[in-house]
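This report concerns only the one structure given below.
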Amino acid sequence: AAEEEGEEEGEAEEEAVKCPELEDMAKMMEMAESVGNADAAFEFMNASNEQDGSAERELLDRLQRDLCRPQPGLWKHGDFELEPFGSFVTELGLPGAESAKRSDLDVVMLFRGTPADSEANKVREQLVIPTIERLSVWLRDQPDLNVTSVVKKARVPIVTFDTETLSVDISVQQPWGVLNSWHLRDLCESGCPGRLRALVRMLKMWAKSKSIHTAKDGALSSYGYSILAASFLAARGATKALLPSERGGGQSVYVSNDSALEYVLAKAGGEDPEGLWEAPAPGGESCQDADKTPTELFVEFLGWMEGTVLGFVERTKGLPGGVGTAPLFQRYIVSVRPRTQSQLLQDLQKWTPKRDHWMPSSVNEIFLTIEEPLNGENVARSVRAAGFWAIMKEVHRARASMDRKHGTVTSARFKALLEMPALARSMPPLPSLGRLGVAPPGVQQGAARGAMPTYMQRGLKRPLGRPGVLPAAKRPVLGFPGRPAAGPVVLRPVYGGGKGGGKGGLPSGVVAAAYARARTQQQQQQQQQQQ
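The sequence shown lines up with residues 13 to 543 when you count with my numbering.
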């Protein structure tokens, strides 16, 4: 996607969207600030956001009980554990969401005796997909459950079903959601009481109101915003880092897929394996933000985000290829591990299993660098150009609107910010153009029908000679800030390479005719310019 740095911000939607979550959050923050004590304000705000969770627990008990019963032909792989993850575990759900729609519940099915799902093994085809298929069949046989989606060809295959009050996603042999949720839950219990949990909720609400809250739309996921908040508070002494800075014996600082699976299965089975991180401990009363209200803490976060995380944009302005290609050493690596920036850079270079997540280039743009603390991936790998510039513009506007020069920073100011319409509508990333010499994915799919997607036909004066194949010269050229627009194509004659054939296997007559037409058009353009 083309970057939009130098363009107008565009017109926002005419009216801000009103939603119950907005009103509930504003009311809770107003009541929290009226307490007059920072600790009490955060305690009140988080207590007001506590979830009931009874429907989730009841469903989990039912699934665990019914799926574990002997059912011939249903499961062919050993015993398993059903583990929830996400906001149900971290208790970071948004207020009021339950009153407006079904609550979301994420669950993973983890089998013993089989490795974790990975690109490096055949677990997906041997276990994951067959299990998803059998699970969908079993769920459809339950009269009170409604299967809404079965996705097998995705980064994480899932089956989705609805109950009367819940919308449930079940995945298979993916331990990271559980492990990350446990770690984030413990981070919320450490440091200055209530700060991280409250700040994450405020960030999620703000991002949702501005349509920059989902990875599928090329923006940042809720987990990404959570790590941003935790890193910000850790840098100010308000949250304690729980992970070790290094692991002994020359081991990787990150946890492997199979080690993560073994740890989760052990904990879920009632065992007490050696901890991957320290137990949470409250504290941090001496941190510089101990006396700040929730709204004031949000304003401080905006300043950190603008000056630290997004500061590389100004430093790399004019870089050929745009900011998405800026080298890693010019960025700020967001992390919750107790490491300096140079140490983080060394850790990633040495240990990360996903090097492409950390190697920006013209063909692999990276806009935000947020370390997944347990496995070394980039949490922000989903962020695309449009999503990045939308996030950056919203941060700038939020900081300007919440500036102290406009008056005291209160919950009313935060509510007004939430009610502002988004600067840009959320949209999914554009389809891939494919690799050099290979037809783009959309063209490959349309080739069988003899058709080409509309978005690939823009600028073509006539249909292509061979449906389904897009020559390199006809591919759209993307423009980026700092990169000059492509100049005019210089025509040079191409002659046949042998009897009855031109270069590239085309008949020499076709090449000659095409060159003659191009020459004529070029001469006509020159004559018009002279006139």
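A virtual CB, placed ideally from N, CA and C, is assigned to each residue, including glycine.
Output the distance between the C-alpha atoms of residue i and residue j, rounded to the nearest integer angstrom.
| i | j | result |
| --- | --- | --- |
| S130 | M371 | 21 Å |
| G236 | R393 | 10 Å |
| G334 | G262 | 37 Å |
| R167 | K228 | 12 Å |
| G295 | W289 | 17 Å |
| L157 | V171 | 12 Å |
| D303 | G249 | 13 Å |
| A528 | E377 | 40 Å |
| P350 | A242 | 12 Å |
| V212 | S233 | 12 Å |
| L314 | T126 | 44 Å |
| A52 | W194 | 25 Å |
| T420 | N49 | 17 Å |
| I141 | V162 | 10 Å |
| R146 | V135 | 16 Å |
| Q540 | I224 | 48 Å |
What do you get for residue i, buried or exposed, if any count of 16 or more other CB atoms within 10 angstroms of its CB means buried?
| i | result |
| --- | --- |
| G399 | buried |
| V375 | exposed |
| F56 | buried |
| T352 | exposed |
| N192 | buried |
| R396 | buried |
| P359 | Before going further, note that residue 359 is Asp rather than Pro in the sequence given. That one is buried. |
| K222 | buried |
| P96 | buried |
| G281 | exposed |
| D301 | buried |
| S238 | buried |
| G330 | exposed |
| G230 | buried |
| E406 | buried |
Taking a contact to mean a Cβ-Cβ separation below 8 Å, would you say residue i touches residue j in this structure?
| i | j | result |
| --- | --- | --- |
| A246 | N58 | no |
| D118 | G105 | no |
| Q185 | L139 | yes |
| D174 | T160 | yes |
| A278 | P187 | no |
| M432 | F310 | no |
| T143 | L208 | no |
| P169 | S183 | yes |
| F100 | E62 | no |
| T102 | R197 | yes |
| G388 | Y275 | no |
| L429 | M414 | yes |
| F54 | P205 | yes |
| L273 | L122 | yes |
| A132 | S202 | no |
| A410 | W150 | no |
Which one of the options has the shortest CA to CA distance from residue i?
| i | options | result |
| --- | --- | --- |
| Y344 | W401, N390, G330 and A227 | N390 |
| C80 | E70, L72, L71 and D91 | D91 |
| D116 | L178, V346, R124 and E137 | L178 |
| T307 | D78, Q154, S423 and R152 | S423 |
| S271 | G287, G330 and G282 | G287 |
| G336 | V321, Q300, W316 and L380 | L380 |
| A587 | S234, Y275 and L322 | Here the chain has residues from 13 to 543 only, and residue 587 is not among them. |
| M317 | L435, H408 and A50 | H408 |
| L94 | G125, V190 and E176 | V190 |
| L340 | K329, E326, V348 and L356 | L356 |
| E384 | T328, T364 and S373 | T364 |
| S347 | C200, G230, L255 and K220 | L255 |
| E176 | E137, E70, T226 and G203 | E70 |
| S257 | P285, P332 and S354 | S354 |
| Q154 | T226, G65 and D78 | D78 |
| N269 | K366, Q538 and D73 | K366 |
Round the Cβ separation of residue i and residue j to the nearest angstrom and send it over; I've been treating them as touching at under 8 Å.
| i | j | result |
| --- | --- | --- |
| I403 | L240 | I403 to L240, Cβ: 10 Å. No contact. |
| T320 | Q342 | Wrong, their Cβ atoms sit about 13 Å apart, outside the cutoff. |
Is the closest heavy atom of the ligand ZN to the C-beta of residue i under 7 Å?
| i | result |
| --- | --- |
| E55 | For the structure depicted, the ligand ZN is absent and the ligand set is empty, with no information on it obtainable. |
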